[in-house]
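Numbering that gives the first Met the number 0 numbers the first residue of the sequence shown as 0 and each following residue consecutively.
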Amino acid sequence: MTAAQSSSSGLEVLLCSLQNVRDVESTLNILSVLDELLSAGTDRRIHYMITKGGSEALLTALVNNCCVFTPNYTVLLPLLHLLAKVGHRDRRIGVKAEDAGAVLLVLKLLKHNVHHARRAAACLWVIRVFSSSVCTAKLIGENQGLDIIYHLIPAYTTKHLQTIKAAINALAALLCTRANISSVVHKGYISGLLWLYKDWHTKDTQHVAVEVRYALLCCLHKATCSTAGRQALVSDGGLGLLYETTQSCLSNKSLECLVEPSVQLMRKCLPKTPLPLTSDQSVYTFPLPGRPPAAPDVGVATEENSEDSDFEEDKDTQEADVRDYDDDLETDVNKLRHRPEPDRSKNQLLQYGRLCPELTHDFQELNLASESEESSTASSDEEAVLLNKLTPESSRRNRMRRSASTDSSNSSKSQRESVKGLTPGTPPREAADLHSHSGLLSTSPSFRTMIREATGDASLNDRLDDEEDPGQGSPQFVMIDRLLERHGGCIPHHDPELYCAIAAKITSIPGFNILAFPDFWGHLPPPGNEIMAPRKPKIQRQKVFEDIRRFLNTDDIINKVVFDLEESNPQYHPESLNFFSKFECGNLRKAIQVRRHEYDLVMNADANCSQHTQWFYFEVSNMEANVPYRFNVINCEKCNSQFNYGMQPVLYSVKEALEGRPHWVRTGTEVCYFRNYFCPAQGRRRTTFYTLTFTVTFKHNEDVCYMAYHYPYTYSALKAHLKVLQKSLDPCKVFFRQQVLCSTLAGNSCPVVTITACPASRAWKDLHQMRNRPCVVLTGRVHPGESNASWVMKGTLEFLCSDDLVAQSLREAFIFKIIPMLNPDGVINGMNRCDLNSLDLNRQWCKPDPVLSPTIYHTKGFLYYLNSIGRTPLVYCDYHGHSRKKNVFLYGCSVKETLWQSGSAVDTVGLKEDPGYRTIPKTLDRIAPAFSFNSCNYLVEKSRSATARVVVWREIGVLRSYTMESTYNGCNQGIFTGLQVGTRELQDMGLKFCHSLLSVTSDMRAFYTRKLINHVNLDHNILDHKSHNCFEDDEPPCVEEIEYSPDCPSLKGDDLDSDVNSSMAKEEEEEEEYSTCDLTMKAIQASSDAHISVPNGQTVD
0 MTAAQSSSSG LEVLLCSLQN VRDVESTLNI LSVLDELLSA GTDRRIHYMI TKGGSEALLT
60 ALVNNCCVFT PNYTVLLPLL HLLAKVGHRD RRIGVKAEDA GAVLLVLKLL KHNVHHARRA
120 AACLWVIRVF SSSVCTAKLI GENQGLDIIY HLIPAYTTKH LQTIKAAINA LAALLCTRAN
180 ISSVVHKGYI SGLLWLYKDW HTKDTQHVAV EVRYALLCCL HKATCSTAGR QALVSDGGLG
240 LLYETTQSCL SNKSLECLVE PSVQLMRKCL PKTPLPLTSD QSVYTFPLPG RPPAAPDVGV
300 ATEENSEDSD FEEDKDTQEA DVRDYDDDLE TDVNKLRHRP EPDRSKNQLL QYGRLCPELT
360 HDFQELNLAS ESEESSTASS DEEAVLLNKL TPESSRRNRM RRSASTDSSN SSKSQRESVK
420 GLTPGTPPRE AADLHSHSGL LSTSPSFRTM IREATGDASL NDRLDDEEDP GQGSPQFVMI
480 DRLLERHGGC IPHHDPELYC AIAAKITSIP GFNILAFPDF WGHLPPPGNE IMAPRKPKIQ
540 RQKVFEDIRR FLNTDDIINK VVFDLEESNP QYHPESLNFF SKFECGNLRK AIQVRRHEYD
600 LVMNADANCS QHTQWFYFEV SNMEANVPYR FNVINCEKCN SQFNYGMQPV LYSVKEALEG
660 RPHWVRTGTE VCYFRNYFCP AQGRRRTTFY TLTFTVTFKH NEDVCYMAYH YPYTYSALKA
720 HLKVLQKSLD PCKVFFRQQV LCSTLAGNSC PVVTITACPA SRAWKDLHQM RNRPCVVLTG
780 RVHPGESNAS WVMKGTLEFL CSDDLVAQSL REAFIFKIIP MLNPDGVING MNRCDLNSLD
840 LNRQWCKPDP VLSPTIYHTK GFLYYLNSIG RTPLVYCDYH GHSRKKNVFL YGCSVKETLW
900 QSGSAVDTVG LKEDPGYRTI PKTLDRIAPA FSFNSCNYLV EKSRSATARV VVWREIGVLR
960 SYTMESTYNG CNQGIFTGLQ VGTRELQDMG LKFCHSLLSV TSDMRAFYTR KLINHVNLDH
1020 NILDHKSHNC FEDDEPPCVE EIEYSPDCPS LKGDDLDSDV NSSMAKEEEE EEEYSTCDLT
1080 MKAIQASSDA HISVPNGQTV D
């Protein structure tokens, strides 16, 4: 017999003997041996004993020793102690106890020993363990267990603290069922628990009973896991009591363990407050073709029913979060390897031939360089008038008027013709539904004052006030002319005048007639890097206290609406900040002045739906300098944010810009992001809101500032940027064509750009070489709120159009097809995630609807076309932004890595897969300091099967199909560690991605030539940087709890084992009578008269 078998047999013999032995000495010896065995080892010994029937043996011994005329507590006490320690680790202990008939026996023992502290404590520990089973807890509650235990909790005393604590913990354990919580609420026990907590808190001046006070808080946590429990706590003054007691604990470090559970309890019990909206639906609605008008929210639940399920939903969410990620991985090899049939016929693909102008262009400009401008203009699908350089002697106002009139007469027709046949079923625009910009900059009086000072025109304000129709010759346009004449354009690749002309043609749902000044004037990166904001210790707690004070003390609460997007004529408020968001990309639905310098901000949901509130961009004015203003964005939806890890919003000051500092800068102190107490206006279920709160101290009085979630980048900025780029190029060297992919639902054009090098000559050999270059397809901004993706794309476009040697090599090696903005309508209307169809366009790639998702439908069609003519893209990359992680990284696709990670039984040895999908990420890790190779993954998830990355890989057959994710925050590696990214770094990332393409050129030697190496900048600081482990969480848990949960935060050193071991270690003391007040004794006597049935016909004396 082996040693293991002998050991196993020895344990089984002990357990068998324990169940059958009857004499006291033998039983005590066995219990002593078992206790020593379990105490000397780790939990593994206890779990091993459980697998060998240890719990059943102890329960049988307990029943045997109870079913005697006079129970022997010399045996019962160590038996109960051991049962508590073992049962604490047995998930089925409650069920086993019921089967053995031990549950009500222990309850009977407790009732008979309420005067004996040590015996009562042992019974309470076992009841607590049994209550891990909901059915067992319910059984105990049905047999007066709640009453017996509740009345064991006395007013403040210094005696028998361990037993009192055990009673409170047992009561808390019983509150795992809705029935027991309902019983506690009905009997008024919550009021009693609050009174007990106040009594113990007030009288425990020496802090000897902190654990008892903590246990009372945990019990209240359990009791408030239902709507009735929370309402009872609030109605009994619980919030005020907890707030006062918590404030008194803040100054004593030894009481810190009481503060967090109190804060969590108050957060949980704050009454749910509907968002201050008339409807959860977006203010912006758009009539979709083939669908009835959007109906108001239906199927909503009442507030009470919604709250009843709050914590059940939390539990479900937590279980989903911890669910094995591998469950989402695709394990069907057929789906991973087999390419589906195209979703349309080859005849339908022929229309996309026009998007390959390089294949048919004759390049006459190579011989007629003097006619290059005419040739370039004739081949463009965009407005010719805006491409021509305006004559310096003509006034700015006349030039703008000429641009607008030419557009209405010429370019509209050419645009309509260029998209003819691409959008079957797309309805025409109606003037009644959609409007256009008119070119005004701001309605703020502060803005007018600054402009008067900047232009030196003292009479300008009066003329603006008298203006009724801001036409092209109006003072509004005079103002713009004066500004540009005095300050001039100072932003590379940005022309304010061109921006105005293009913005005048943009189609929006609400009919914007104001331009945001930062978009008009332009932005330069600030001169230095901006570090991540340090988080002030306990700052979230401070903000939560302020929110609780708002509920408890309304003396300083103003609650005045100072901006409402639904108002047609916003009012000026001289005594508060003024807000505005009715401009391109803007998002602010409502602003409410809560206190003098505090404002609640409500974001507008994506058009045609009631969700996806995260992006914000608005104007604020009428501020006082050097005064801290608190802003609370109260309807955020993501469960965590980089705002908890050093990220800040961005701010643009008009006054600073006019003084020569046109910068978007990171701003805000005391930044934190946490779950709040708001609920949907109409009671939608399963919706949790979070607050982003930050404090801004403005530099200037009466300034006009703009604040945003991230650096804004508008559709008009893209269109203007493309035109400036095209005008800057030599058509004899760079082939640049901007065309229209299709029209969006609202009628805006979706541009597609072709960039490559012109052939060396018109000789057949040179033309053949140019037309056979491999394609690289880049897309971006499918999610409107991911403005960082547009800045990366801007860097890519500028680099590919530059004279850099690497850029020249790339143009000579590839033909670039770039769709910079897949969701123009979403960007224009300030949406966060969706298109006007209320759908996430990056989940429509499998079967895109040609009417409702035209940009995705035609992008996929274009990719199919390239594949059908033998020009499958060598690389496809979709630019995105990531709100939950730092750094920049790629997602790719790999069959083998997906199968490996999922633990699939498929033998991957025989699977052949080109590892080239890792080439670009590895190159970027060497050359891009913001890039993290170890944050990349190449797994194909079921939940992302309809994304661009997966569909282009699976259906088009592009090996190197990527999503590039750029952080909103900053980096935690390399030379950018601890710094927030700015537009400079984002644009540089677009440049670096282009550099990485050299690694997949057909002639790899070009990548290693000394000439190019010097331009790629492979310096040692970048080469040596380390990326974090992709198998670790991107962020550690937030230093403060973002969520509030039904459970009390754990107390260090407070666990069942410690209490049991402490009791067992004590020497036998003389049993003292354990009494409480007369009312308690009467309740105990009343409960002792109650009949408790015992299974199996057993009786207990």
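Beta carbons are placed, not taken as given, at the ideal position from N, Cα and C, and that holds for glycine.
Check: State the Cα-Cα distance for the pair residue 758 and residue 864, rounded to the nearest angstrom.; Outcome: 24 angstroms
Check: Could you say which of 283, 611, 129, 445 lies nearest to residue 745 if we only look at CA atoms?; Outcome: 283
Check: Quick check on this structure: which residue in 1034, 1042, 1055, 1056 has the alpha carbon closest to the alpha carbon of residue 263?; Outcome: 1042
Check: Could you tell me how far apart the beta carbons of residue 100 and residue 131 are, in whole angstroms, since I believe they sit closer than 8 angstroms?; Outcome: Contact doesn't hold; Cβ gap of about 18 angstroms is too wide.
Check: Below 7 angstroms CB to CB, which residues in the same chain sit around residue 152 once its five sequence neighbours on both sides are set aside?; Outcome: 163, 166, 167, 195
Check: Compare the C-alpha of residue 449 against each of 688, 916, 655 and name the closest.; Outcome: 655
Check: To the nearest angstrom, report how far apart residue 951 and residue 543 are at their CA atoms.; Outcome: 46 angstroms
Check: Would DSSP call residue 1018 helix, strand or coil?; Outcome: At residue 1018, the pLDDT of 47 sits below 50, so the modelled position is not reliable; the number obtained from the coordinates is stated separately. Coil at residue 1018, not helix or strand.
Check: Could you please give the first and the last residue of the uninterrupted beta strand (DSSP E) stretch that includes residue 632?; Outcome: 627-635
Check: Looking at the structure shown, is residue 781 part of a helix, part of a strand, or coil, going by DSSP?; Outcome: coil
Check: Could you give the distance in angstroms between the alpha-carbon of residue 180 and the alpha-carbon of residue 227?; Outcome: 9 angstroms
Check: Under a three-way DSSP split, which group does residue 874 fall into?; Outcome: strand
Check: From what residue to what residue does the beta strand (DSSP E) around residue 672 run?; Outcome: 668-674
Check: Between 754, 779, 652, which lies nearest to residue 769 when the distance is taken from Cα to Cα?; Outcome: 754
Check: Kindly list the residues whose CB is nearer than 6 angstroms to the CB of residue 493, restricted to its own chain and excluding five residues on each side of it in sequence; keep chain order.; Outcome: 521
Check: Taking just the CA atoms, how far does residue 514 sit from residue 658?; Outcome: 20 angstroms
Check: Could you round the C-beta distance between residue 609 and residue 279 to whole angstroms and report it? I think they count as a contact, below 8 angstroms.; Outcome: 4 angstroms
Check: Identify, in the order they occur along the chain, each residue of the same chain with its Cβ nearer than 6 angstroms to the Cβ of residue 237, setting aside the five sequence neighbours on each side.; Outcome: 193
Check: The beta strand (DSSP E) spanning residue 754 covers which residue range?; Outcome: 748-756
Check: Spell out the partners DSSP gives residue 663 in its beta bridges.; Outcome: 651
Check: Below 7 angstroms CB to CB, which residues in the same chain sit around residue 13 once its five sequence neighbours on both sides are set aside?; Outcome: 29, 32, 33
Check: Tell me which same chain residues have a C-beta within less than 8 angstroms of the C-beta of residue 189, skipping the five on either side of it?; Outcome: 183, 219, 222, 223, 228, 231, 232, 235, 237
Check: In chain order, what residues of the same chain lie with their CB nearer than 8 angstroms to the CB of residue 51, ignoring the 5 residues before and after it?; Outcome: 7, 10, 11, 14
Check: Does the separation of the CB atoms of residue 986 and residue 663 fall below 8 angstroms?; Outcome: no
Check: With a 10 Å radius around its C-beta and 16 neighbouring C-beta atoms as the bar for buried, classify residue 68 as buried or exposed.; Outcome: exposed
Check: Jot down the residue ranges of each uninterrupted beta strand (DSSP E) in the stretch 923-1001, minimum 3 residues, whole runs only, in chain order.; Outcome: 959-966
Check: So is residue 35 in contact with chain D if we call contact Cβ pairs under 8 angstroms?; Outcome: The chain labelled as chain D is not found in the depicted structure, where only one protein chain is given.
Check: Kindly indicate the opening and closing residues of the alpha helix (DSSP H) around residue 64.; Outcome: 53-65
Check: Could you give the first and the last residue of the continuous beta strand (DSSP E) run that contains residue 617?; Outcome: 616-620
Check: With distances taken Cα to Cα, identify the nearest neighbour of residue 636 among 578, 831, 616.; Outcome: 831
Check: If contact is defined by three or more beta carbon pairs under 8 angstroms, each pair taking one atom from either stretch, is the stretch 965-985 in contact with the stretch 895-915?; Outcome: no
Check: Excluding the 5 residues flanking residue 18 on each side, which residues of the same chain have their C-beta closer than 7 angstroms to its C-beta?; Outcome: 56, 59, 60
Check: So, residue 668 versus residue 532, is the Cβ gap smaller than 8 angstroms?; Outcome: yes
Check: Using three-state DSSP, classify residue 496 as helix, strand or coil.; Outcome: helix
Check: In its own chain, which residues sit with a C-beta less than 7 angstroms from the C-beta of residue 937, not counting the 5 before and 5 after it?; Outcome: 891, 892, 893, 896, 916
Check: To the nearest angstrom, how far is it from the Cα of residue 743 to the Cα of residue 286?; Outcome: 13 angstroms
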